[in-house]
Structure formats: structure tokens, C-alpha cells
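**Student:**
In the UniProt record's numbering, the protein residues as written are 1 to 297.
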């Protein structure tokens, strides 16, 4: 029997502690999903990347800290956000991170590597992918090829193909911008494929303030990409959340977002909802409580 998901509530893990699922990245591993989240014990600066696993998105088991504060890029005075992991074809795991200074002037992607999804990961260093600014990130993988989704405040939202070792960007596949503000793109990107079509989700650039997140589709990663459109009711601010990841599950999808509390990031609730994709349309609907697997996509 699957557990009950209560969107907008703080998630409690198997230890009875607040699960640090902020800025989450998710991957399927065997019969469970592993998740990597920002530990906000210190607020906005870095404490650790926490790792959890679940089989129903309702009950979460703490798997340990995948990466803990150290020196340099991952020092306790640095910003380390949006942990996203990919498993390479050789079986090694690569953790990609938004690395920054507290004034957000560094704008880099960090890379760490481990033999197991839960780590511990060994931090290797950071880059500005292909020389571009990189803040919020996402990842995508298809046929053994890894992709980095990278928000570049100066040029838009990039889809970069990663090198074979996943430890750096190799080439830019596409760059997307907003229609109403064509000088910028969307942040907190996540990408899935459904029935031969790619679906990209992102959030407007409004800091901690929440907004109506957007969605675009394309028949190929190179495009052509559709115009951006909302996928939650207009004015709902995506049910007061910022998208972090969209996860394929069975015939449907699960949306996981953050309901940020700037003055208490540690207790920021997680919003987990069913997401329906039909053709070129994505639809997110509110549920006070639900069980994963009970709704079709």
C-alpha cells in the first residue's frame, strides 16, 4: 500500500527529521527512486547534499550525506544548490551542482563523482560551461548521453550536451528565451520525454518569490521549440511552488517543487503533485492528499 502524499507539507523522513529535499534531483535506481536535496541547516549557505530514497514519494529513507561541506567551491561560506545526479554508462555516478558565491557572481557548475548513488561523492571542481554563466541547473539523459540544462542570466536557458565522462559541457544543443523578456530564459529547468516529444519546464526569474512556471515542447532537443505556456492555473504561482524536477512514473509524471520560506529555508515545504501530459499540453492539478500510482498521466 502506497503512502499518502500531502503537497505543501514539510516531509518527515524515516528518522523523524525534516527531509532536506530542497532543489531536488531524482533518479530511478532499481525498484526505488533516489533523491538528492539541499540541506538548508545553515540557511542559504552550504551544509551538505542529503540523499534519500523512496518507493512512493510519500515515505522517505535517509541514505546519508552524499556530499558535505569542505574547502573552496564547497566551503560553508559558499552557495551549493540544485544537486542533480546521473549514472554514466560505465556505472559511475556524477553529481552536478550550481556553485556560487553569496553574491551569485561565480555562477558555475560543479562536478563530483561516486561509485554509489548515495555517495560519498568526491568533488572534482567547477566550470562555466562553454564559458557561459550558469546558475540553476537540471539534467537529462538519453541513450547514454548526458545533458546539462543551464540558466544563463545573460543569454537564456541552454541545453548543453555533456562530454562522454559527464564532467564538462561539450557543445550547446539549443538555447531558449522568454517571449516577453527575450533577453533571458527560465531557471530551475527540468526536461522529460513523452511519446516522442520533449517537454521542458522552468520558473521565471523572481528570486525567492514564486511565479507561474512555464512549459515548452519540441520534437527534438535542437527544436523547434514551441512558445512557452503555463501548466498550472493562471495566477496560482504553480500552487505556490517552484518546479525542481518532473519524474516519469508508470504512465504518468510526478511534479516536485519547492515552496520557499526565505526566512526559514530549512522548513520550506515540498509540493508533490501528479502531472498530466497529453500531446503538447502539460497540466498540473491540486490534490490535498493523494497516492502515487493511483492517477494516470
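Note that the Cβ used here is the ideal one computed from N, Cα and C, for glycine as well.
1) Among the candidates 167, 219, 197 and 255, whose CA atom is the shortest distance from the CA of residue 213?
2) DSSP three-state label for residue 163, please.
3) What do you reckon, are the CB atoms on residue 62 and residue 15 nearer than 7 Å?
4) Can you tell which of 189, 7 and 3 has its C-alpha closest to the C-alpha of residue 286?
5) Quick one: give me the first and last residue of the beta strand (DSSP E) that residue 34 is part of.
6) According to DSSP, is residue 250 helix, strand or coil?
7) Can you list, in chain order, the residues of its chain whose CB lies under 6 Å from that of residue 216, leaving out five sequence neighbours each side?
8) For residue 195, which beta-bridge partners are listed by DSSP?
9) Between which two residues does the beta strand (DSSP E) carrying residue 239 extend?
10) Does the structure place the region 163 to 171 close enough to the region 194 to 211 that three or more beta carbon pairs sit under 8 Å?
11) How many angstroms separate the CA atom of residue 148 from the CA atom of residue 191?
12) Reducing DSSP to helix, strand and coil, say where residue 21 ends up.
13) Can you tell me whether DSSP reads residue 72 as helix, strand or coil?
14) Let's see if you can read the secondary structure: which residues bound the beta strand (DSSP E) around residue 214?
15) Within the continuous beta strand (DSSP E) that includes residue 4, where are the two ends?
16) Looking only at C-alpha atoms, which of 243, 89, 179 and 271 sits nearest to residue 162?
**Tutor:** Based on what the coordinates show:
1) By 1-based counting over the chain shown, the position of residue 213 is 213. Ranking 167, 219, 197 and 255 by Cα distance to residue 213 puts 255 first.
2) Mapped onto the chain shown, residue 163 falls at position 163. Three-state result, residue 163: coil.
3) As a position in the chain shown, residue 62 is number 62, starting the count at 1. As a position in the chain shown, residue 15 is number 15, starting the count at 1. Yes; because the gap between Cβ atoms is below 7 Å, this pair is in contact.
4) On the chain shown, position 286 is the one that residue 286 refers to. With distances taken between Cα atoms, residue 286 lies closest to 7.
5) What you label residue 34 is simply residue 34 of the chain shown in a count that begins at 1. Residue 34 -> beta strand (DSSP E) spans 32 to 39.
6) One-based indexing of the chain shown puts residue 250 at position 250. Residue 250: coil per DSSP, three-state reduction.
7) The residue given as residue 216 occupies position 216 in the chain shown. If we look at residue 216 and ignore the five residues flanking it on each side, its Cβ neighbours are 200, 225, 226 and 228.
8) By 1-based counting over the chain shown, the position of residue 195 is 195. According to DSSP, which records beta bridges pairwise, residue 195 is partnered with nothing at all.
9) Start at 1 with the first residue of the chain shown, and residue 239 comes out as number 239. Careful: residue 239 lies outside any beta strand (DSSP E), inside the alpha helix (DSSP H) at 237 to 240.
10) no
11) The count along the chain shown starts at 1 and reaches residue 148 at position 148. The count along the chain shown starts at 1 and reaches residue 191 at position 191. Residue 148 and residue 191: Cα-Cα distance of roughly 10 Å.
12) As a first step, residue 21 is located in the chain shown; it is residue number 21 there, counting from the start. Coil.
13) As a first step, residue 72 must be located in the chain shown, where it is residue number 72. Residue state, collapsed to three classes: helix.
14) Looking up residue 214 in the chain shown gives position 214. 214 to 218 is the span of the beta strand (DSSP E), which, as asked, contains residue 214.
15) Numbered from its first residue, the chain shown carries residue 4 at position 4. Unbroken run through residue 4: none, as it is neither H nor E.
16) On the chain shown, position 162 is the one that residue 162 refers to. When only C-alpha atoms are compared, the closest one is 89.
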